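Novice: This structure is in structure tokens; I'll ask about it shortly.
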Amino acid sequence: MEPADPRYPSVPAARGCYESFYLKAGDAAAREAVWLRYTVHKRPGEAPVGSLWITLFDARGPHAAKATPPPDALAAGSGEGPVATWLRIGEATIGAQGASGEIPGMASWELEFEGGEAPFPYLPSGWMYRARLPRTKALSLLPALRVGGTVTVGDRTISLDRWPGMVGHNWGAEHAERWIWLHGTAFEQQPEAWIDLIVGRIKVGRRTTPWVANGCLSIDGRRHRLGGLRRVRSTRVDELPERATLWLGGDDVAVRAAVGAPPGDVVGWLYSDPDGSEHHTAHCAIADMRLRVARRGLPPLELSVQGGATYELGMRERDHGIAIQPFSDP
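Under UniProt numbering, the sequence shown has 93 at position 93, and the numbering climbs by one with no breaks.
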């Protein structure tokens with residue numbers, strides 16, 4: 001199976017699943033960004049349903065829209081080939097060359113993708129994508145690409161002129177009990193460097209695991225894998241809905257990452273699992289990020305970007321202070 005092939009068609013009718021193809025692109029200097037999701041939600045014994053989610057971030061705060069058309073609007077494409085359409089929801093599509101769509105009366109977008117590096121699998125071993133645990137699988141389909149086009153949400157229209165960004169793909173039987181997603185690029189010191197990281201705690205029976213990190217730091221054209229099961233004890237996380245600090249080990253590197261944004265720049269969404277349980281998700285795609293990278297045999301490297309990073313926290317609590325968008329899931 002190709003990395004971009006939709007997984008939901010192979011899920012037995014009696015089981016549940018969720019899946020998403022997601023795009024982030026931003027202009028750090030302008031503190032503007034777009035976060036776009038094409039998702040599939042399938043409850044056990046029911047037909048899968050597709051949803052379109054979009055958030056535009058700018059100086060006025062997040063502008064959000066979502067729509068869930070009937071089940072027959074959802075269609076799987078193929079991940080093969082440069083012109084592939086991975087997923088179609090109504091007339092909205094996302095694929096190797098771009099994404100387009102409309103939420104009538106609320107939002108529209110027409111985006112083209114340029115470049116992008118080889119896919120990066122967050123999980124370090126192929127068997128982990130076939131195993132029962134973790135119940136969420138994810139990979140970065142198009143790391144470090146450029147995005148052009150236009151996006152309209154409500155009364156706000158922006159033009160994207162080769163904005164740096166990424167496209168990801170995740171799927172599974174349920175979300176992690178708690179998770180963090182970090183993404184950073186357009187660093188002042190190394191504009192082509194990037195970090196893409198998922199950190200999660202999963203429920204196993206009545207217990208919840210410690211934080212497990214999986215991700216990549218690309219500097220000087222070289223990828224360094226971060227985290228993994230053997231580095232659980234050295235992984236430290238201090239998180240709130242609007243900011244976090246993480247300490248991570250990696251291949252030939254150790255990273256301290258600090259990311260955050262004012263609460264007014266954070267959007268809140270409701271995420272549902274196939275079994276009906278829910279998470280609140282706080283997300284900001286115009287966050288500030290600072291990395292300190294210790295490298296074997298080299299002086300420490302400092303990387304920073306203002307307004308060009310992504311920070312997302314998925315959580316069970318409801319008293320976090322972030323306003324949740326008035327959309328159900330699905």
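Where is the CB? At the ideal position from N, CA and C, for every residue including glycine. Note that this is a predicted model, so its numbers are computed, not measured.
(1) What's the call for Asp329, buried or exposed, on a 16-neighbour Cβ count within 10 Å?
(2) Per DSSP, which residues does Asp288 bridge with? Please list them.
(3) Quick check: the segment 66-77 against the segment 16-26, are at least 3 beta-carbon pairs closer than 8 angstroms?
(4) Just the C-alpha distance for Arg162 and Trp269, rounded to the nearest angstrom, thanks.
(5) How far does the alpha helix (DSSP H) with Trp127 in it extend, from its first residue to its last?
(6) Along the chain, where does the beta strand (DSSP E) that runs through Ser218 open and close?
(7) Compare the Cα-Cα distances from Cys17 to each of Trp109, Glu91 and Ala173 and report the closest residue.
(8) Helix, strand or coil: how does DSSP classify Tyr8 here?
(9) With contact counted as at least three CB pairs below 8 angstroms, one residue from each stretch, are the segment 150-158 and the segment 172-187 in contact?
(10) Looking only at its chain, what residues have a beta carbon closer than 7 angstroms to the beta carbon of Trp194, apart from the 5 residues adjacent to it on each side?
(11) Which of the three DSSP states is assigned to Pro326 in this structure?
(12) What residue from Val237, Asp251, Val267 and Gly276 has the CA that sits closest to Val293's CA?
(13) If you follow the beta strand (DSSP E) that Glu117 is part of, which residue opens it and which one closes it?
(14) Identify the continuous beta strand (DSSP E) that holds His169 and give its terminal residues.
(15) Quick check: the segment 104-113 against the segment 124-134, are at least 3 beta-carbon pairs closer than 8 angstroms?
(16) Which residues in the same chain as Val167 place their Cβ atom closer than 6 angstroms to its Cβ, once the five residues preceding and following it in sequence are excluded?
(17) If you drop the 5 nearest sequence neighbours on each side, which residues of the same chain put their C-beta closer than 6 angstroms to that of residue 365?
(18) If you reduce the DSSP assignment to three classes, tell me which class Asp72 lands in.
(19) Return the Cβ separation of Met289 and Val305 in integer angstroms, given the expectation that the two are a contact with Cβ distance under 8 angstroms.
(20) For Met315, which beta-bridge partners are listed by DSSP?
(21) Using three-state DSSP, classify Asp238 as helix, strand or coil.
(22) Are the beta-carbon atoms of Ala287 and Ile198 separated by less than 9 angstroms?
(23) Whose CA, out of Pro300, Arg318, Ala258 and Gly321, lies closest to the CA of Tyr311?
(24) Can you tell which of Ser10, Trp35, Ala14 and Pro300 has its C-alpha closest to the C-alpha of Thr150?
(25) Just mark Gly276 as buried or exposed, buried being the case when its beta carbon has 16 or more other beta carbons within 10 Å.
(26) Decide if Asp220 is buried, meaning its Cβ has at least 16 other Cβ atoms within 10 Å, or exposed.
(27) Say the cut is 8 angstroms; is the CB of Val204 nearer than that to a heavy atom of the ligand FMN?
(28) Between Ala84, Thr68 and His41, which lies nearest to Asp5 when the distance is taken from Cα to Cα?
(29) By a C-beta neighbour count over all protein chains shown, 10 Å radius and 16 as the cutoff for buried, is Ala13 buried or exposed?
(30) CA-CA distance, Ala28 and Gly45?
(31) Please report the residue range of the beta strand (DSSP E) in which Ile202 lies.
(32) How big is the Cα-Cα spacing for Gly307 and Ala261?
(33) Could you name the residues that DSSP lists as bridge partners for Leu139?
(34) Let me check understanding here. Comparing Cα to Cα, which of Leu240, Ala118, Gly165 and Thr209 lies closest to Arg222?
(35) Is the CB-CB distance between Ala96 and Phe113 below 9 angstroms?
Specialist: Checking against the coordinates, here is how it stands:
(1) Position 329 of the sequence shown, counting from 1, holds the residue named residue 329. Counting of Cβ neighbours within 10 angstroms places Asp329 among the buried residues, the total reaching 16 or more.
(2) Reading the sequence shown from its first residue, position 288 is the one you call residue 288. The beta-bridge partner set that DSSP reports for Asp288 consists of Gly260.
(3) Contact annotation: the segment 16-26 does not touch the segment 66-77, with fewer than three C-beta pairs closer than 8 angstroms.
(4) As a working note, residue 162 is residue 162 in the sequence shown. As a working note, residue 269 is residue 269 in the sequence shown. Rounded to whole angstroms, Arg162 to Trp269 spans 27 angstroms at the Cα level.
(5) Within the sequence shown, the letter at position 127 stands for residue 127. First-last of the alpha helix (DSSP H) with Trp127: Trp127 to Arg130.
(6) Working through the sequence shown from its first residue, we reach residue 218 at position 218. Its beta strand (DSSP E) spans residues Val212 to Ile219.
(7) Mapped onto the sequence shown, residue 17 falls at position 17. The residue with the shortest Cα to Cα distance from Cys17 is Ala173.
(8) As a working mapping, residue 8 is identified with position 8 in the sequence shown. The answer is helix: DSSP assigns Tyr8 an H, G or I state.
(9) Contact between the segment 150-158 and the segment 172-187 is absent, because fewer than three Cβ pairs lie under 8 angstroms.
(10) Counted from its first residue, the sequence shown places residue 194 at position 194. Around Trp194: Pro143, Ala144, Gly184, Thr185 and Ser218.
(11) The sequence position of residue 326 within the sequence shown is 326, counting from 1. Three-state DSSP puts Pro326 in coil, outside helix and strand.
(12) Within the sequence shown, the letter at position 293 stands for residue 293. The option with the nearest alpha carbon to Val293 is Asp251.
(13) Working through the sequence shown from its first residue, we reach residue 117 at position 117. Unbroken run through Glu117: none, as it is neither H nor E.
(14) As a working mapping, residue 169 is identified with position 169 in the sequence shown. For His169, the enclosing beta strand (DSSP E) covers residues Arg156 to Gly172.
(15) No: the two stretches stay apart, fewer than three of their Cβ pairs being nearer than 8 angstroms.
(16) Residue 167 sits at position 167 when you count from the first residue of the sequence shown. Cβ contact annotation for Val167 (same chain, cutoff 6 angstroms, sequence separation greater than five): Leu23, Leu141 and Leu142, in chain order.
(17) One cannot answer for residue 365 here, as it falls past the ends of the chain, which runs 1 to 330.
(18) The residue labelled residue 72 in the question sits at position 72 within the sequence shown. Helix.
(19) For the purposes of this step, residue 289 is taken as the residue at position 289 of the sequence shown. For the purposes of this step, residue 305 is taken as the residue at position 305 of the sequence shown. In this structure Met289 is in contact with Val305, their Cβ atoms being roughly 5 angstroms apart against a cut-off of 8 angstroms.
(20) The sequence position of residue 315 within the sequence shown is 315, counting from 1. Met315 is bridged to His280.
(21) Looking up residue 238 in the sequence shown gives position 238. In the three-state scheme derived from DSSP, where H, G and I count as helix and E and B as strand, Asp238 is classed as strand.
(22) If you number the sequence shown from 1, residue 287 lands on position 287. If you number the sequence shown from 1, residue 198 lands on position 198. In this structure, Ile198 does not lie closer than 9 angstroms to Ala287 by Cβ.
(23) Walking along the sequence shown from the start, residue 311 turns up at place 311. Closest option to Tyr311, Cα to Cα, is Ala258.
(24) Residue numbering aside, residue 150 sits at position 150 when the sequence shown is read from its first letter. Ranking Ser10, Trp35, Ala14 and Pro300 by Cα distance to Thr150 puts Trp35 first.
(25) Reading the sequence shown from its first residue, position 276 is the one you call residue 276. Under this definition Gly276 is an exposed residue.
(26) Sequence index remark: in the sequence shown, residue 220 carries index 220 (1-based). Exposed, because fewer than 16 other Cβ atoms sit within 10 Å of the Cβ of Asp220.
(27) The ligand FMN is not among the ligands present in this structure, which contains no ligands whatsoever.
(28) As a working note, residue 5 is residue 5 in the sequence shown. Taking only the C-alpha atoms, the option nearest Asp5 is Ala84.
(29) On the sequence shown, position 13 is the one that residue 13 refers to. By the 10 Å Cβ count, Ala13 comes out exposed.
(30) Here residue 28 corresponds to residue number 28 of the sequence shown, with the count starting at 1. Here residue 45 corresponds to residue number 45 of the sequence shown, with the count starting at 1. Rounded to whole angstroms, the separation of the alpha carbons of Gly45 and Ala28 is 44 angstroms.
(31) As a position in the sequence shown, residue 202 is number 202, starting the count at 1. Looking at the DSSP string, Ile202 is not in any beta strand (DSSP E), and its letter there is neither H nor E.
(32) Along the sequence shown, read from residue 1 onward, the residue named residue 307 stands at position 307. Along the sequence shown, read from residue 1 onward, the residue named residue 261 stands at position 261. Approximately 8 angstroms, taken between the alpha carbons.
(33) Within the sequence shown, residue 139 is the residue found at index 139, counting from 1. Pro121 and His169.
(34) Position 222 of the sequence shown, counting from 1, holds the residue named residue 222. Out of Leu240, Ala118, Gly165 and Thr209, Ala118 has the C-alpha closest to the C-alpha of Arg222.
(35) Translated into the one-based positions of the sequence shown, residue 96 becomes position 96. Translated into the one-based positions of the sequence shown, residue 113 becomes position 113. For Ala96 and Phe113, yes; Cβs fall inside 9 angstroms.
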